[in-house]
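With the sequence shown counted from 1, adding 16 to any position gets you our numbering.
One structure is given below, encoded as structure tokens.
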Amino acid sequence: MSNGPPELIVPQEVDTEIITNPQEPQSGELTLIRVRLIDEQKPRDGMRIELRDNARETRLYDAAVIEQDGQLYYEIEAIFENSGENLITLHFNLGSVHIMTSHTVEVK
Numbered sequence: 017m018s019n020g021p022p023e024l025i026v027p028q029e030v031d032t033e034i035i036t037n038p039q040e041p042q043s044g045e046l047t048l049i050r051v052r053l054i055d056e057q058k059p060r061d062g063m064r065i066e067l068r069d070n071a072r073e074t075r076l077y078d079a080a081v082i083e084q085d086g087q088l089y090y091e092i093e094a095i096f097e098n099s100g101e102n103l104i105t106l107h108f109n110l111g112s113v114h115i116m117t118s119h120t121v122e123v124k
């Protein structure tokens, strides 16, 4: 038994790839957003994808799990409501650690 402070668990770096279809999303049009974890790790409870536009409005989606060519992808269909820089934040758990990683996408 230790009397010291609890050990701090530092989340590991997780490489992700985001693919949008169309490749250059248009505001007001439906876009497929597909995420792949490069290191082939599997989130414990799936993945939630948060979209935040340049007006700072946020929407959160539960991603569907898709297997294609032996790879796992997490995807949603969403509409970017504003053109300009939009933020995509991925939320998922690896073991007992909650991971949040963000990417930006330019919307026409």
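The C-beta atom is built at its ideal place from N, Cα and C for all residues, glycine as well.
{"query": "Nonlocal neighbours in the same chain, by C-beta distance under 8 angstroms from D61, ignoring five residues either side", "result": "F108, N109"}
{"query": "Classification of T74 by the beta-carbon crowding that lies within 10 angstroms, buried from 16 upward", "result": "exposed"}
{"query": "Nearest candidate by alpha-carbon position, reference Y90, set I54, E97, Q39", "result": "I54"}
{"query": "Between the CA atoms of E83 and A94 - distance to the nearest angstrom", "result": "20 angstroms"}
{"query": "Distance CB(S43)-CB(S118) smaller than 8 angstroms", "result": "no"}
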